[in-house]
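Novice: What follows is a structure written as structure tokens; I'll ask about it next.
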Amino acid sequence: MLPPKPNPLTFQELILRLQAFWAQRGCVLQQPYDVEVGAGTMAPETFLRVLGPQPYRVAYVQPSRRPADGRYGENPNRLFKHMQLQVILKPPPENVQELYLESLGAMGIDLRQHDIKFEEDNWESPTLGAWGIGWQVMLDGLEITQFTYFQQCGGVDLDPISAELTYGLERIAAFLQDVDSIYDIVWARDPESARPTTYGDVRLADELQFSVYNFELADVEKAWKHFELCESECKALLEAYAAISNDKDKDKNGDRKETKKTDGLVRDLAHDRTRFPLLAAYDLCLKCSHLFNILDARGAISVTERVGVIARVRALAVGIAKAWVDQQRGKPAAEQKSTEEKKSKQRAEVEPAPLSS
Amino acid sequence: MPDFLLEIGCEEIPARMIDAASLELRQRVQKLLERERLLPDGSVDSLDTPRRLAVLASGLSSGQPDVTEQVNGPSVSVAYRDGQPTPAAHAFAKKAGVEISRLERVTTPKGEYLSAKVTRKGRAAAEILSESLPKEIAAIYWPKNMYWRKPAERFVRPVRWLVAMLDGEVIPLEFDGVSAGNESRGHRILADRQVRIPGAGSPYVDALQEAKVLSRARREEQIRKSLDAATRSITGARWREDKPLLDAVVNLTEWPSVILGSFDPEFLELPEEVLVTVMRDHQKYFAVEDSGKKLLPHFLAVLNTDGDPGGVIRHGHERVLRARFNDARFFWQTDQKHPLRERVGWLKNVTFQKDLGSYYDKVLRVQRVASWMCEIIRQSGMAVRPGVVHKAACLSKADLTTELVKEFTELQGIVGGLYARVQQLDPDLPEATRFAIADAIYDHYKPESMEDSVPRTTEGAVVSIADKADSIAGMFALGLQPTGSKDPFALRRQANAIVKTIAEHKLPISLEQLFDDAREAYRGSQAEKKFPPTLDYNHSVKAFLRERLEFYLRDALGYKYDVVNAVLAADADDVVNAVARAKAVTEVRPSPDFESISVACKRMKNILRQASEAGRPSATSIDSAALQEPAERELAAQIPHIAEAVSRLSNQRNYQQALLEISHLRPVIDSFFDKVMVMVDDERLRSNRLALLQTLLKEFSTIADFSEIVTEGKETNESSKQ
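Residue numbers (the numbering used here), protein chains in the order written: chain B, 494 to 850; chain V, 34 to 755.
Next comes the structure, spelled out in structure tokens:
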């Protein structure tokens, strides 16, 4: 056995270190999104921000819920809800891999003492109409990060491309602290008494109770109703947005460049468009996705339904992505960053392409 | 004679793609150099790692040789009017770069023309390369590629640097915004720096080695040696040879080393299949075994660094493997809570294919097809246990609902077999029967390739064939057959597996019957409503299977293409029979009698074709009264004897003897062609002789169509036949 490492980071220190590292490299530190998501990618800070031309850098922790992955807190390596630290670099700097490796140094990992490999792993989300190309980063045989160059999101080809780094925080913490169970991870240590609070102390009840709910007690009929309500409201919003968008197109023969003319009507419509709550529509889409996951965990979705339900959620996500791109384009000139971007944005809206290249 | 170097520096290229891309790039550069006459007698080599594809060439010309050629211009009558050069003459002289007075004249059959020697200057190698290489880089095929910024080229991963040099000189070129220079990069961790390349050729290789980067061959050698060395520390142990795994780790490292790790021997209670899959497929570890091939509680991990003196890396790998094994054990135990027989119903919720329904539907169809097959097999006198087949088919897909298969999908079938062994399938089932069922389930995905073995038992073979036939039939009925390089459902592989299994188990299964049955099993189903009504299922399936059988005979068994064509022209439905016929034809083929029969068959076919083209029909049967010449009477007299013998011997599958019988007819046939003229004017004689040939050809062709056999001096280019 190896001697225990002197002072491995606690779970919260790990988060703080990574956040500080990325904040110093120009990232906005966002807070976790407060609607249930299956992955950090689904938070609007990724899904919507990667669309359109505006450069952006953001980092945030995202608790990610996957009802079917729950194990009643009995499995030392599996969780219903795990924490991802998500970093979006749009566009990716040329030294993005080197930056990433530096971030490992920030958690106290001396790469010269370890074996690091970038192994092919491409990411795809049929529910989001999104896919990307990249690697799983392996540290001494442990997958610690998913590194993806996003290619498409919500069926929209991305321009510029974003790099997404998704750190699996529990795995990394367990590795740093050399514990075999996630529940033994030291989450925090009292600065005075040095008494540890473990991951189990903080989260075990959460895992147990939600496993019971997701697998045994979630009301299938009601979950379907919730799903349908969220879906229909989301659709209604998208239809309303499409109506505004079409009116404007008719007025101007579809020439969107002229929306900034001092034509009162057009200005009003453009104004209407920017205040249109696509973000709320997206929340509804996320709720559908989560409800689908619960129904799936309950075994309530039959084989014939399954593909169809995924397609329904994707239709919402794709509709929102296209509308979002359109809405961003309609923003007043002051919010546009450069002429260079104006050129590229004309390519941004495209037909949804197949999910694989 | 300068050396040339091109290095494409890239973010980590997927290991599975490196070898093919490296070969392609080398060939592209070689062809470019040859096309541009820059490679008089040099050689081209490659060096590749996860982060670079490099091509090295030595013995390049520094430029193209100048080319002088005679070029003809306008005719003299056009070029001169009244002794004065016309604009046409001026234009030609200008184009040729020669003074008008120095133009030559040549006389051709068409008249006298102006002519000039034109010398085209060869271009410098650097100029050509700088212009052409970016196109070659962009043209490399990648199974999956990407953008990293737009508008831009697509490539497998972002290109971060380029080195292009002729000896010590940089070739100026650019690919996707990256300019070539003379700086490469070293190993990511061990030599994380720019590496100045002093020159193409060995200085490049040396500079890389200095920066902890080795060529593919050196890495493979180093890994093999290190695996040996690490294993030697355990007495009697060996590492399990695994070429695909070795290729993977070679292409995941630039400077490899190996560590030996251990795991708790308690885990050896888990089936070896599970342990090896975790180690190989998920962790890329080599398994360690004792001299009896029994698994030892150790593993070998290949690192991309120069060692692990403190044991930190080993500790990490052991930790990960422990978690993986714990998971596997947990899954194994959890899965036992619901036995396979309970899980069959759960398959209603597992999609087989979106239009073909669930795996539950599939299982029902497979059971039907399998029981029809059992009946045919039994009728032929072969032993098969329909009860075992029925039960195995029923349980075959149940493992898709287990945690273990969800986690380790490559263990489908195997897990079902392992579970069937330890579970009570039916209270009254004797253990031996349960094991037979378990084995059939375990094997039913086999053979997974032409190299893989077929299911061990007839029962396993039947389930395997029925399962695959069901998939193929469903996809073809939907119109989703493979086209060109596209075969997303691996239907070719599955059909190959069917052919191989029938052949090796010598099953009396007609392909046509099998695929009629497989299609019949869809009758009345929901899936059937999705089948396009206009589709010609029978035709497309038949052509597909013939192609697969042809592939099996030629590529797996190594029979000559003409033998295969001859054999399949006679019949392509009974696999076992086709194999036997191919063997027999191959064996008798070298004999002179047989050669001569082949020639005669071609001749008969030609005569019959010409007669039919000329509108001269053959009689419907041989009229013995119209046989005039002794030679034709003799031939007609022999036919029934030969036909009887051939048919009798064929029924006994003694094709070789049957073929010998046929070849004994050679003197009679030779004499017929010597003495008898077929295409005579007398219609009665002619049509009767044609009928004679027709009958003969028909009797001969039950084993093979001999006219397909390529005879001496007529060898055609094999590749053109494919």
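Where is the CB? At the ideal position from N, CA and C, for every residue including glycine.
Quick check on residue 437/V - is its C-beta less than 7 angstroms from some C-beta in chain B?
Specialist: In the second sequence, residue 437/V corresponds to position 404, counting from 1. Answer no: the Cβ-Cβ gap between residue 437/V and chain B never drops below 7 angstroms.
Novice: Comparing the C-beta of residue 512/V with each C-beta of chain B, is any distance below 7 angstroms?
Specialist: Counted from its first residue, the second sequence places residue 512/V at position 479. So, not an interface residue.
Novice: Between residue 739/V and residue 663/V, what straight-line distance do the alpha-carbon atoms span, to the nearest angstrom?
Specialist: Here residue 739/V refers to the residue found at position 706 of the second sequence. Here residue 663/V refers to the residue found at position 630 of the second sequence. Straight-line Cα distance between these residues: approximately 26 angstroms.
Novice: I'd like the list of long-range same chain contacts for residue 501/B, defined as Cβ closer than 6 angstroms, with 5 residues on each side in sequence excluded.
Specialist: Position 8 of the first sequence, counted from the first residue, corresponds to residue 501/B. Excluding residues within five positions, the ones whose Cβ falls inside 6 angstroms are 669 and 670.
Novice: Within the chosen definition, does the region 141-154 of chain V reach the region 164-173 of chain V through at least 3 CB pairs nearer than 8 angstroms?
Specialist: no
Novice: Please state whether DSSP places residue 478/V in a helix, a strand or coil.
Specialist: Locating residue 478/V in the second sequence gives position 445, counting from the first residue. Residue state, collapsed to three classes: coil.
Novice: Applying a beta-carbon distance threshold of less than 8 angstroms, which residues of chain V neighbour residue 611/B?
Specialist: For the purposes of this step, residue 611/B is taken as the residue at position 118 of the first sequence. Those are 44, 45 and 83, listed as they occur along chain V.
Novice: Let me check understanding here. Comparing Cα to Cα, which of 630/B, 661/B, 625/B and 633/B lies closest to residue 650/B?
Specialist: Locating residue 650/B in the first sequence gives position 157, where the first residue counts as 1. Ranked by how close their Cα comes to the Cα of residue 650/B, the residues 630/B, 661/B, 625/B and 633/B have 625/B in first place.
Novice: Say whether chain B places a C-beta atom closer than 7 angstroms to the C-beta of residue 571/V.
Specialist: As a first step, residue 571/V is located in the second sequence; it is residue number 538 there, counting from the start. So, not an interface residue.
Novice: Would you call the region 282-299 of chain V and the region 333-352 of chain V touching, i.e. three or more CB-CB distances under 8 angstroms?
Specialist: yes
Novice: Secondary structure at residue 141/V, three-state DSSP: helix, strand or coil?
Specialist: Stepping through the second sequence from its first residue, residue 141/V is reached at position 108. Three-state result, residue 141/V: strand.
Novice: Along chain V, in chain order, which residues have C-beta atoms closer than 7 angstroms to that of residue 626/B?
Specialist: Taking the first sequence and counting its residues from 1, the one referred to as residue 626/B is at position 133. Residues of chain V with a Cβ closer than 7 angstroms to the Cβ of residue 626/B are, in chain order, 177 and 179.
Novice: Could you have a look at residue 560/B and say whether DSSP puts it in helix, strand or coil?
Specialist: Along the first sequence, one-based indexing puts residue 560/B at 67. In the structure shown, residue 560/B sits in a helix (DSSP, three-state: H, G or I).
Novice: At what residue ranges does the region 558-622 of chain B contain a whole run of the beta strand (DSSP E), taking only runs of 3 or more?
Specialist: 574-583, 609-613 and 616-618
Novice: Using a Cβ-Cβ distance cut-off of 7 angstroms, determine whether residue 537/B contacts chain V.
Specialist: Residue 537/B sits at position 44 when you count from the first residue of the first sequence. Taking Cβ atoms only, chain V never reaches closer than 7 angstroms to residue 537/B, which makes this a no.
Novice: Please list the partners that residue 604/B has in chain V, where partner means a Cβ-to-Cβ separation under 7 angstroms.
Specialist: Taking the first sequence and counting its residues from 1, the one referred to as residue 604/B is at position 111. The contacting residues are 222.
Novice: Please state whether DSSP places residue 107/V in a helix, a strand or coil.
Specialist: As a first step, residue 107/V is located in the second sequence; it is residue number 74 there, counting from the start. Assignment of residue 107/V by DSSP, reduced to helix, strand and coil, places it in the strand class.
Novice: Can you tell me whether residue 546/B is buried or exposed? The criterion is at least 16 other CB atoms within 10 Å of its CB, across all chains shown.
Specialist: Here the question's residue 546/B lines up with position 53 in the first sequence. That one is buried.
Novice: Between residue 307/V and chain B, is any beta-carbon pair separated by less than 7 angstroms?
Specialist: Translated into the one-based positions of the second sequence, residue 307/V becomes position 274. Chain B contact via Cβ: absent.
Novice: Here's a check: name, in chain order, each residue in its chain whose Cβ is nearer than 6 angstroms to the Cβ of residue 536/B, leaving out the five neighbours to either side.
Specialist: Counting from one through the first sequence, the residue named residue 536/B turns up at place 43. Around residue 536/B: 526, 530 and 555.
Novice: Just list the alpha helix (DSSP H) runs in the region 114-175 of chain V, keeping only unbroken ones of 4 residues or longer that don't cross its boundaries, in chain order.
Specialist: 120-129 and 158-172
Novice: Is it a yes or a no for the region 444-455 of chain V touching the region 514-534 of chain V, going by three-plus beta-carbon pairs under 8 angstroms?
Specialist: Judged by Cβ distances under 8 angstroms, the region 444-455 of chain V makes no contact with the region 514-534 of chain V, as fewer than three pairs qualify.
Novice: Pick from 121/V, 105/V and 102/V: whose alpha carbon is nearest that of residue 111/V?
Specialist: For the purposes of this step, residue 111/V is taken as the residue at position 78 of the second sequence. Taking the Cα of residue 111/V as reference, the smallest distance to any Cα among 121/V, 105/V and 102/V is reached at 121/V.
Novice: Quick one, which of 324/V, 291/V and 321/V has its alpha-carbon nearest residue 346/V's?
Specialist: The count along the second sequence starts at 1 and reaches residue 346/V at position 313. Relative to residue 346/V, the option among 324/V, 291/V and 321/V whose CA is nearest is 291/V.
Novice: Hey, could you find the ends of the alpha helix (DSSP H) residue 694/B is sitting in?
Specialist: Here residue 694/B refers to the residue found at position 201 of the first sequence. Counting along the chain, the alpha helix (DSSP H) containing residue 694/B begins and ends at 692-705.
Novice: Determine whether the Cβ of residue 525/B lies closer than 7 angstroms to any Cβ atom of chain V.
Specialist: The residue given as residue 525/B occupies position 32 in the first sequence. The beta carbon of residue 525/B sits no closer than 7 angstroms to any beta carbon of chain V.
Novice: Sort 820/B, 810/B and 672/B by Cα distance to residue 623/B and report the nearest one.
Specialist: Taking the first residue of the first sequence as 1, we reach residue 623/B at position 130. Comparing Cα-Cα distances from residue 623/B to each of 820/B, 810/B and 672/B, the minimum goes to 810/B.
Novice: Assuming residue 443/V contacts residue 314/V under a Cβ cut-off of 8 angstroms, what Cβ separation, rounded to an integer in Å, is found between them?
Specialist: For the purposes of this step, residue 443/V is taken as residue 410 along the second sequence, with counting starting at 1. For the purposes of this step, residue 314/V is taken as residue 281 along the second sequence, with counting starting at 1. Contact holds; Cβ gap of about 6 angstroms.
Novice: Only counting the same chain, and skipping five residues up and downstream in sequence, which positions put a Cβ closer than 6 angstroms to that of residue 350/V?
Specialist: For the purposes of this step, residue 350/V is identified with residue 317 of the second sequence, where counting begins at 1. Residues 294 and 334 of the same chain have their beta carbon placed closer than 6 angstroms to that of residue 350/V, with the five preceding and five following residues left out of the count.
Novice: Please return the same chain residues whose Cβ sits closer than 7 angstroms to the Cβ of residue 570/B, not counting the five positions on each side in sequence.
Specialist: Within the first sequence, residue 570/B is the residue found at index 77, counting from 1. Contacts found: 675.
Novice: Considering residue 649/V, what are the terminal residues of the beta strand (DSSP E) in which it resides?
Specialist: Taking the second sequence and counting its residues from 1, the one referred to as residue 649/V is at position 616. Where residue 649/V is concerned, there is no enclosing beta strand (DSSP E), given that its DSSP letter is neither H nor E.
Novice: Does the contact criterion of 3 or more C-beta pairs under 8 angstroms hold for the region 504-515 of chain V versus the region 549-557 of chain V?
Specialist: yes
Novice: Answer yes or no: do residue 660/V and residue 647/V have a C-beta to C-beta separation smaller than 7 angstroms?
Specialist: As a working note, residue 660/V is residue 627 in the second sequence. As a working note, residue 647/V is residue 614 in the second sequence. Contact flag unset, no.
Novice: Considering only DSSP beta bridges, list what residue 294/V is partnered with.
Specialist: For the purposes of this step, residue 294/V is identified with residue 261 of the second sequence, where counting begins at 1. Residue 294/V is bridged to 332/V.
Novice: Per DSSP, what kind of secondary structure is residue 646/B in: helix, strand or coil?
Specialist: Working through the first sequence from its first residue, we reach residue 646/B at position 153. Residue 646/B: strand per DSSP, three-state reduction.
Novice: Name, going along the chain, the residues of the region 335-368 of chain V whose beta-carbon falls closer than 8 angstroms to a beta-carbon of chain B.
Specialist: 336, 337, 338, 341, 343, 344, 345, 346, 348, 349, 350, 352, 353, 354, 355, 356, 359, 360 and 363
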